[in-house]
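Heads up: the structure comes next, in structure tokens.
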Amino acid sequence: MPCPWYKGGVCTSPKLRRPSPAVTHPSRCLGSELEYKSCQFYVEEQNSGRTESKLVTSLKPAIAQQLRPYNPIHVIENKPSEKCPFIKVYSYSGGYLAECKVLSRLLTRSEVVLCSSNWSACPFYKIGSKRPKAYV
Ligand code: SF4
Ligand code: SF4
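Under this note's numbering, the residue at position 61 of the sequence shown is numbered 270, and the numbers go up by one with no gaps.
Structure representation (structure tokens):
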């Protein structure tokens, strides 16, 4: 099991101001629990303030105006996976919305299914990985 903060070559530890690939080291991030827990950027998930439920923020009116959600295609009943480092999930209208930071737009329900199942093969993930600071 890799470090839980290691997502697609990027360290998403809350100890960093922004997710970054610069601090990663495959033998440590993808190593044993003993190895990644000795990393200075590692923090227990329950102590991080970034547990799954806390990550979901409500969609603020200003962001809603910018993203223009259209409920029939954008609102998702079940919380989508956030394994891709470029997905941002909001709670909205009794469900969830998912924004792709690389595309700077909301994802449709069918796109979110692909983002959850095959995000590392996504061409936009590959674009984002080259300049992660620009998108996360
Ligand atoms: S081992 Fe350290 S650098 Fe690697 S993902 Fe975990 S916290 Fe980040
Ligand atoms: S479209 Fe690609 S880069 Fe964007 S959130 Fe989905 S998997 Fe990630």
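The C-beta atom is built at its ideal place from N, Cα and C for all residues, glycine as well.
- By a beta-carbon distance limit of 8 Å, S329 does not contact G240. Their separation comes to about 19 Å.
- Boundaries cannot be given for I285, as no alpha helix (DSSP H) includes it and DSSP labels it neither H nor E.
- With respect to P289, S325 sits close: the two C-beta atoms are nearer than 8 Å.
- In the three-state DSSP reduction, L315 falls in the strand class (E or B).
- Going by DSSP, K310 is part of no beta strand (DSSP E) at all; its letter is neither H nor E.
- If you draw a straight line from the Cα of Q275 to the Cα of C212, it comes to about 34 Å.
- K342 and G303 have their C-alpha atoms some 31 Å from each other.
- Of the residues assessed, E242 falls on the exposed side of the cut-off, its CB having fewer than 16 other CB atoms within 10 angstroms.
- Each of C212, W214, Y215, C220, S222, V232, T233, R237, C238, Y245, C248, F250, Y251 has a C-beta closer than 6 Å to some heavy atom of ligand 1; these make up the full list, in chain order.
- With respect to the 8 Å criterion, V311 and G337 are classified as neighbours on the basis of their beta carbons.
- The three-state reading of DSSP puts C293 in coil, since its state is none of H, G, I, E or B.
- Y251 and R314 have their C-alpha atoms spaced approximately 31 Å apart.
- V311 has its CB nearer than 7 Å to a heavy atom of ligand 2.
- Note that the C-beta distance between V232 and I285 is not below 8 Å.
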